[in-house]
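Listed in order, the protein sequences are those of chains U and G. Under this note's numbering, the first residue of the first sequence carries the number 91, and numbering increases by one thereafter. Under this note's numbering, the first residue of the second sequence carries the number 91, and numbering increases by one thereafter. Note that CB positions come from ideal geometry on N, CA and C, so glycine has one too. Read through the structure below, which is laid out as structure tokens, and then see the notes.
Protein chains: 2
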Amino acid sequence: MKNILIIGAGRSASACINYCLKNAKERGWFVTVADADPKQAEKRINNHPNGRSAWLDVTKKNDRKDLISRHDIVVSLLPAHLHLLVAKDCIQFQKHLVTASYVSKEMYRLGDEARDASLIFMGEMGLDPGIDHMSAMRLLNQIRDKGGNIKAFRSYAGGLIAPESDDNPWHYKFTWNPRNVVLAGQGTAQYMEEGKYKYTPYSRLFKEHHTIDVPEMGKYEAYANRDSLLYREIYGVEGIPNILRATLRAPGFCDAWNALVQIGLTDGSYPIHDADKITYHEWMNAYLPEGNGSVKERMANFLGEDVDSEVMQKLEWLGLFKKVKINLAQATPALILEHLLLQKWTLKPEDKDMIIMQHEIEYELKGKNYNVVSSMVMKGNGEEDTAMARLVGLPMGIFVKLIIDGKITTTGVNIPVMKEVYDPVLDELEKYGVIFKEQEVEV
Amino acid sequence: MKNILIIGAGRSASACINYCLKNAKERGWFVTVADADPKQAEKRINNHPNGRSAWLDVTKKNDRKDLISRHDIVVSLLPAHLHLLVAKDCIQFQKHLVTASYVSKEMYRLGDEARDASLIFMGEMGLDPGIDHMSAMRLLNQIRDKGGNIKAFRSYAGGLIAPESDDNPWHYKFTWNPRNVVLAGQGTAQYMEEGKYKYTPYSRLFKEHHTIDVPEMGKYEAYANRDSLLYREIYGVEGIPNILRATLRAPGFCDAWNALVQIGLTDGSYPIHDADKITYHEWMNAYLPEGNGSVKERMANFLGEDVDSEVMQKLEWLGLFKKVKINLAQATPALILEHLLLQKWTLKPEDKDMIIMQHEIEYELKGKNYNVVSSMVMKGNGEEDTAMARLVGLPMGIFVKLIIDGKITTTGVNIPVMKEVYDPVLDELEKYGVIFKEQEVEV
Chain U
91 MKNILIIGAG
101 RSASACINYC
111 LKNAKERGWF
121 VTVADADPKQ
131 AEKRINNHPN
141 GRSAWLDVTK
151 KNDRKDLISR
161 HDIVVSLLPA
171 HLHLLVAKDC
181 IQFQKHLVTA
191 SYVSKEMYRL
201 GDEARDASLI
211 FMGEMGLDPG
221 IDHMSAMRLL
231 NQIRDKGGNI
241 KAFRSYAGGL
251 IAPESDDNPW
261 HYKFTWNPRN
271 VVLAGQGTAQ
281 YMEEGKYKYT
291 PYSRLFKEHH
301 TIDVPEMGKY
311 EAYANRDSLL
321 YREIYGVEGI
331 PNILRATLRA
341 PGFCDAWNAL
351 VQIGLTDGSY
361 PIHDADKITY
371 HEWMNAYLPE
381 GNGSVKERMA
391 NFLGEDVDSE
401 VMQKLEWLGL
411 FKKVKINLAQ
421 ATPALILEHL
431 LLQKWTLKPE
441 DKDMIIMQHE
451 IEYELKGKNY
461 NVVSSMVMKG
471 NGEEDTAMAR
481 LVGLPMGIFV
491 KLIIDGKITT
501 TGVNIPVMKE
511 VYDPVLDELE
521 KYGVIFKEQE
531 VEV
Chain G
91 MKNILIIGAG
101 RSASACINYC
111 LKNAKERGWF
121 VTVADADPKQ
131 AEKRINNHPN
141 GRSAWLDVTK
151 KNDRKDLISR
161 HDIVVSLLPA
171 HLHLLVAKDC
181 IQFQKHLVTA
191 SYVSKEMYRL
201 GDEARDASLI
211 FMGEMGLDPG
221 IDHMSAMRLL
231 NQIRDKGGNI
241 KAFRSYAGGL
251 IAPESDDNPW
261 HYKFTWNPRN
271 VVLAGQGTAQ
281 YMEEGKYKYT
291 PYSRLFKEHH
301 TIDVPEMGKY
311 EAYANRDSLL
321 YREIYGVEGI
331 PNILRATLRA
341 PGFCDAWNAL
351 VQIGLTDGSY
361 PIHDADKITY
371 HEWMNAYLPE
381 GNGSVKERMA
391 NFLGEDVDSE
401 VMQKLEWLGL
411 FKKVKINLAQ
421 ATPALILEHL
431 LLQKWTLKPE
441 DKDMIIMQHE
451 IEYELKGKNY
461 NVVSSMVMKG
471 NGEEDTAMAR
481 LVGLPMGIFV
491 KLIIDGKITT
501 TGVNIPVMKE
511 VYDPVLDELE
521 KYGVIFKEQE
531 VEV
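Okay, structure coming up:
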């Protein structure tokens, strides 16, 4: 068993492909990289003797089945909704499957079939979801193993820009799917505090951010990330009185993003009239009643901000008050915002992105209360070798090696919360600089 | 042609049924009232010699087709999504159809078939939509006919409680589908002001209300009603620089409803955990971070209100801070709110509801500018004979008579914007007290 098929050769695939190719040489594996763009796949292989590229339109059933049938392990880096196509072929041809995406209900339904065929289907094997699960489970299990009673679990993660590459007033650049950044948080966040359920609707999610200290890095803002309550069962902490998963941003980001939400700019549900003809300035005016004063002044007034406040400076820097044409026919507010941000928040070739992940756990042991803070910071190295791509791709590559080496006994559809997975993956990730530093204090 | 089938015998059907029965006696019509609840249909017929009741589950194809095939005109008072079933049968059996609901895209697609068979399919023939279209078109056409150039059209309507029956701090009771009241305004309102498109997202819709004067009634609050821009084409005022449709509420309502929106209580998209076990007091606490002070104090603080402000008094009157169990398993916030409001905003047997409709038009004629205000106020007479039921039902009844009398030449799928419809319907409505009073001033 040594034939690996990696489907998807986009930017986020590079670290996973490189890891597999490096091991391929030492261990005699063969790695096929398939993509709808064969040039992109070729570029990733870069003439490696153990690699080859393939041209694959994944919706073409016969091509897909043919390719999958000729490999032993499939790594799918496709958009999440396409994994299921691949998964069903993996059942048919009895192949293992690894993805970095959230496991859908439909995917979980393949669990029995996968288990019956002794197949390993591992999802959520990237950064977030992925490293967050593994590092949290290691920490939680260590505390439980010594008899600790866990009172609070709070987990924070953010894909950010390193301070040395931070050159804009938002202190943010895109290192991941821009569309997901624009739409982040829509719905109602749910978490638990002092044994009580808490709900935060989107309209006040960014306003109600709080601040955390990241050792050696300083202060970051955090806003609640979707439904934290789901993780009570996944992490085996059903009765825990405090649980929160949150997203990190640089100080000042959340208030300014809240302004975009309040104006209505993150709404993807209806098109703006004449968006191919009007300017950003006219677009902003469309959210304000007609009246005296400039659009910027009326906007500041509506937002309850001084006209030169930090929030208003961020909006101005985006160009929202410029008399420049939008030039996007039939676009929704969210799409216009995404296009504008793409011009403003793009990584430069030499920019370093930065991932921060931090778990904060409170537990009681033999009548004493402890706080543990476990944090990991990783910086990228330019727009190609981002920390984001590394931390999404390396866990999948390492897990492929564990499968080939016969180290994984858990079959069926799973996420990486079991010791036989998280221990070796986290141990090897340390060699790549993924190091969680722990600080524990008695309180 | 004298056999009328009225499908639906709920409260909103009574005025339409009574109108048809009264005319049936004089004109030798026969009226069948069909409902899933045969007792309800019987009650509406009340032993009238020209009426009979029928028991109909409208989803039972054969029963439905059988009943429709034996009548000449069908009035559908079903929930909006069920009209299409009836409409297709009306095509098959060549029957006319009248409804008070918004005409869906699917319904409009039946237009050619209906026209080819010389059938009259009239939708939006109630109050709003219905009387609003007819009274607006009459007024707009009168101004156009004398050469006026229309500069602004603003139309307001509200289903309210008459001042003499107003005995709660919200100055509101349910006279219409409570679920629609709770969910009203979700999405983004669109209108036009001084030639410019305006967008108001739900999160600030109720905050950004304005106040209008209703002659003889005083001040009412108005919030923008969905997409006003759609009505430019319908009313033939494509180039108009100002157009707005808005919903009326009593003074003080909008700020308090905005508080419910901001807390998150109108969200119907997710269930509240343990909603069968917790109290309203605990539910409110779930929207606030834990902290010092009572739930009411923290809520006031979050909303930026004094703890005894009018908004807070309205929330308190609803019982949102009471330690009373909600007792609704798996309920969404919107559903819990609806159930609570149903206990608080119910019409008493002797309560009078009140409909207000007001159009405000600005136009230019021979170099002079004019403002017209056309307003209609109607009060109901107890919980059965509501102004709402009358104004929804009478236009349909009158229109049925016009069809039978051969007065309608427009076939196909339509809404009542043509003179041959609005003139006779509005004229007859005047006999029932539906009187628009006009005030015109030169400005």
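The secondary-structure analysis by DSSP pairs G:G141 across a beta bridge with G:V121. Only residues of its own chain outside the window of five on either side were considered, and among them K92, N93, I94, A114, N140, G141 and R142 have a CB closer than 8 Å to the CB of U:F120, listed in chain order. Here the region 439-453 of chain G makes no contact with the region 485-502 of chain G; the two share fewer than three CB pairs at distances below 8 Å.
For the pair U:I493 and U:W266, the Cα-to-Cα distance works out to about 28 Å.
At a cut-off of 8 Å between beta-carbon atoms, G:R294 makes contact with chain U. Considered as a whole, the region 395-449 of chain U harbours 400-408 and 423-434 as its complete alpha helix (DSSP H) runs of no fewer than 4 residues, in chain order. The beta carbon of G:F264 sits closer than 8 Å to the beta carbons of V271, L431, L432, W435, T436 and L437 from its chain, once the five residues preceding and following it are set aside; these are given in chain order. Here the region 214-232 of chain U makes no contact with the region 422-430 of chain U; the two share fewer than three CB pairs at distances below 8 Å.
For U:G502, there is no enclosing alpha helix (DSSP H); the enclosing beta strand (DSSP E) has its first and last residue at G502 to N504.
Residue pairing for U:Q529: DSSP places it in a beta bridge opposite U:V463. For U:K288, the chain G residues whose C-beta falls within less than 9 Å of its own C-beta are N375, A376, Y377, L378, P379 and E380, listed in chain order.
Not flagged as an interface residue toward chain U: G:Y321, since no C-beta distance is shorter than 8 Å. Chain-ordered, the chain U residues with CB closer than 9 Å to the CB of G:Q352 read P291, S293 and R294. Exposure of G:Y192 is indicated by the presence of fewer than 16 other C-beta atoms within 10 angstroms of its C-beta. Shown here, U:S166 sits in a strand according to DSSP, grouped into three states.
Here G:K456 is exposed, its C-beta having fewer than 16 other C-beta atoms within 10 Å. Bounds of the beta strand (DSSP E) holding U:A336 are N332 to R339.
Leaving aside the five residues that flank G:Y522 on each side, the residues in its chain whose CB is nearer than 8 Å to its CB run, in chain order, R480 and L484.
Chain G places no beta carbon closer than 8 Å to that of U:D345, leaving this residue out of the contacts.
CA-to-CA, the gap between U:F489 and U:V482 works out to about 12 Å. Collapsing the DSSP output to three states places U:Y313 in a strand.
In this structure the region 318-327 of chain G does not touch the region 346-354 of chain G; the number of beta carbon pairs closer than 8 Å is below three.
The beta carbon of G:H363 falls within 8 Å of a beta carbon belonging to chain U, placing the residue at that interface. Taken through DSSP and simplified to helix, strand or coil, U:Q276 comes out as coil. In this structure, DSSP gives G:G216 an extended state, which the three-state scheme calls strand. Contact between U:I416 and U:Y370 holds: their C-beta atoms lie close to 6 Å from each other, under 8 Å. Contacts with chain G at 8 Å (Cβ-Cβ) include U:G277. Two segments are said to touch when three or more pairs of C-beta atoms, one from each, lie closer than 8 Å; by this definition the region 471-480 of chain U does not touch the region 196-208 of chain U. At a cut-off of 8 Å between beta carbons, U:E311 makes no contact with chain G. Listed along chain U are G277 and T278, each with a C-beta nearer than 8 Å to that of G:S359. Linking U:L217 to G:I362 through their CA atoms gives a straight-line distance of about 30 Å. Nearest C-alpha to U:D364 among U:L418, U:F411 and U:G249: U:L418. For G:D162 and G:M227, the gap between their C-alpha atoms comes out near 29 Å. Counting C-beta atoms within 10 angstroms of its own C-beta, G:R335 has 16 or more neighbours from the protein chains shown and is therefore classed as buried. The beta carbon of G:E283 sits closer than 8 Å to some beta carbon of chain U. Only residues of its own chain outside the window of five on either side were considered, and among them A207 and L209 have a CB closer than 8 Å to the CB of U:Q184, listed in chain order.
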